[in-house]
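Residue numbers (the numbering used here): 20 to 422.
The beta carbon of each residue, even a glycine, is placed where N, CA and C say it ideally should be.
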Amino acid sequence: MFFSELSMAPADAILGLTAAFKADTRTPKANLGVGVFMDESGRTPVLDVVRHAERALLEEEQTKTYLPIAGDPAFGEAVRQLVLGADFCTEGRHGLATVQALGGTGALFLGARLLGTFRPGAKVWLPKPTWGNHRSIFRGAGLEIAEYPYYSATLRQVDADALVVALAEVAPGDVVLLHACCHNPSGADPDAATWTRIAEAARKGGWLPFFDFAYQGFGDGPDADRAGLLEILRVVPEAFVASSFSKNMGLYSERVGALTVVTADAPSAEATLSQLRCIVRATSSNAQRHGGAVALKVLQDPSLRSDWLAELEGMRHRIVANRTALVDGLRARRGDVDFSYLLRQKGMFSYCGLTDAQVNWLREVKAVYMVKGGRINVAGLLPSTLDFVCDSIAEAMGQNLPG
Ligand SMILES: Cc1ncc(COP(=O)(O)O)c(C=O)c1O
Numbered sequence: 020m021f022f023s024e025l026s027m028a029p030a031d032a033i034l035g036l037t038a039a040f041k042a043d044t045r046t047p048k049a050n051l052g053v054g055v056f057m058d059e060s061g062r063t064p065v066l067d068v069v070r071h072a073e074r075a076l077l078e079e080e081q082t083k084t085y086l087p088i089a090g091d092p093a094f095g096e097a098v099r100q101l102v103l104g105a106d107f108c109t110e111g112r113h114g115l116a117t118v119q120a121l122g123g124t125g126a127l128f129l130g131a132r133l134l135g136t137f138r139p140g141a142k143v144w145l146p147k148p149t150w151g152n153h154r155s156i157f158r159g160a161g162l163e164i165a166e167y168p169y170y171s172a173t174l175r176q177v178d179a180d181a182l183v184v185a186l187a188e189v190a191p192g193d194v195v196l197l198h199a200c201c202h203n204p205s206g207a208d209p210d211a212a213t214w215t216r217i218a219e220a221a222r223k224g225g226w227l228p229f230f231d232f233a234y235q236g237f238g239d240g241p242d243a244d245r246a247g248l249l250e251i252l253r254v255v256p257e258a259f260v261a262s263s264f265s266k267n268m269g270l271y272s273e274r275v276g277a278l279t280v281v282t283a284d285a286p287s288a289e290a291t292l293s294q295l296r297c298i299v300r301a302t303s304s305n306a307q308r309h310g311g312a313v314a315l316k317v318l319q320d321p322s323l324r325s326d327w328l329a330e331l332e333g334m335r336h337r338i339v340a341n342r343t344a345l346v347d348g349l350r351a352r353r354g355d356v357d358f359s360y361l362l363r364q365k366g367m368f369s370y371c372g373l374t375d376a377q378v379n380w381l382r383e384v385k386a387v388y389m390v391k392g393g394r395i396n397v398a399g400l401l402p403s404t405l406d407f408v409c410d411s412i413a414e415a416m417g418q419n420l421p422g
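1) Rounded to the nearest angstrom, how far is the Cβ of residue 102 from that of residue 144, given a contact under 8 Å?
2) Taking 6 Å as the cut-off, is the beta-carbon of residue 215 closer than that to any non-hydrogen atom of ligand 1?
3) Apart from the five residues just before and just after residue 382, which ones in its own chain have a Cβ nearer than 7 Å to its Cβ?
4) Buried or exposed: which applies to residue 124, given that a residue is buried once 16 or more other Cβ atoms fall within 10 Å of its Cβ?
5) Give me the Cα-Cα distance between residue 134 and residue 221, rounded to the nearest whole angstrom.
6) Using a 10 Å radius around the Cβ and a threshold of 16 neighbouring Cβ atoms, would you call residue 418 buried or exposed?
7) What residue from 175, 190 and 171 has the CA that sits closest to residue 181's CA?
8) Would you mind stating whether residue 55 and residue 44 have Cβ atoms separated by less than 7 Å?
9) Hey, is residue 32 close to ligand 1, as in C-beta under 6 Å from one of its heavy atoms?
10) Following a CB-centred definition, is residue 396 positioned closer than 6 Å to any heavy atom of ligand 1?
11) Can you say whether residue 20 is buried or exposed, counting buried as having 16 or more other CB atoms within 10 angstroms of its CB?
12) Closest by CA to residue 141, which one among 399, 196, 70 and 192?
13) Counting only the same chain and skipping the five closest in sequence on each side, list residues whose C-beta sits under 7 Å from that of residue 353.
14) Does residue 33 come out as helix, strand or coil in the three-state DSSP assignment?
15) Rounded to the nearest angstrom, what separates residue 122 and residue 355 at their Cα positions?
16) Given a cut-off of 7 Å, decide if residue 346 and residue 361 are closer than it, judged by their beta-carbon atoms.
17) Indicate, with yes or no, if ligand 1 has a heavy atom lying under 6 Å from the CB of residue 379.
18) Buried or exposed for residue 202, please, with buried defined as at least 16 other CB atoms from any protein chain shown within 10 angstroms of its CB.
19) How big is the Cα-Cα spacing for residue 276 and residue 348?
20) What are the residues that DSSP puts in a beta bridge with residue 279?
21) Could you check which residue in 350, 363, 334 and 343 has the C-alpha nearest to that of residue 59?
22) In the DSSP assignment, the alpha helix (DSSP H) including residue 316 goes from what residue to what residue?
23) With a floor of 3 residues, list each beta strand (DSSP E) that falls wholly inside the segment 90–178, ordered by position along the chain.
24) Considering only the beta carbon of each residue, do residue 393 and residue 371 sit closer than 7 Å?
25) Report yes or no: do three or more beta-carbon pairs, one from the segment 226–233 and one from the segment 67–80, lie closer than 8 Å?
26) Within the continuous beta strand (DSSP E) that includes residue 231, where are the two ends?
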């Protein structure tokens, strides 16, 4: 017997929270746990440029036959230009190769499998805390996991000193996962000086940086968001970059992302690409057409591209405006607490500073849903629920709860 021996796997913490929110019949209620962008009415819209691109593709597309294993080479080129910037791509100091992947998750998976196959003993250093799936993906590829200190709840920001000390100890050949921007779950990113220190540690230590770039454009804009990553690439010969169009093009369920490898020279990029093709062949066989074609059309068509950048800026501005409104609302209710750390955070996610006991209290008593550890999705704040959320958080902060 096989199936009858299997026990239930634990439910996904974040997706389970959304299911519980939907089933909650109380009003008002607020879902700050979900990991997607929401507009003012609580919808996760299809971007206008995506609709345009899809309409055009409907007219133009002549075939659904298989794509090359690694995807359309033009897609790879467009992704590299976006992720690394045109200057870096034309410098010619490195070899570059890109494989289309099933979202940012698929990109991480491909990199993890490559490491698991060719550097099986490698340790992968994850920031503490990090997106929960990192652990599952790297462990699933047979790699050993270690953690480096990242966010300090006391400082309410990146603990730069502790981080740099820890990264200085990482063995050559080990892998260090870095969130390129908009750290999930904390929203706390390294400042420019800290990126320089991380770059120095990478250069001296000889470890392999693995960038998770799932939120390009949600921090300070697509160009500014790659600044830390480029700081490191200037001084190291090799890196992985896992990127995604889930958030910045709103293509979540189309599952379109990419793994780019930065290598010391062009032949290494060719060889790496050939190995990545073998992994894709044995997992999903070849690239998925629709999402990649949409993203490529948006990136290649000058008018769609500029409309996309405007829509992306709109999303970013909404997130920033929500942060400011949240802080104003909390300051009005709790003048005794310094909430300025919230304004320094970047992207959709924020550690709002609540304890797990307060998070539970908010869900059970107020129907305000957030992720354990106090992560909130700032984009989930709606004009209709802002006051209610601020009232509830202020009240939770006043509760004398154990833990
Ligand atoms: C840090 C981080 N990396 C990667 C991903 C993967 O995104 P996707 O596979 O949906 O493109 C996410 C999604 O929530 C994320 O938060």
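Working from what's here:
1) About 22 Å; that fails the 8 Å criterion.
2) no
3) 388
4) buried
5) 18 Å
6) exposed
7) 171
8) no
9) no
10) no
11) exposed
12) 192
13) 413 and 416
14) helix
15) 43 Å
16) yes
17) no
18) buried
19) 37 Å
20) 117 and 260
21) 334
22) 308–319
23) 114–120, 142–147 and 163–168
24) yes
25) no
26) 227–232
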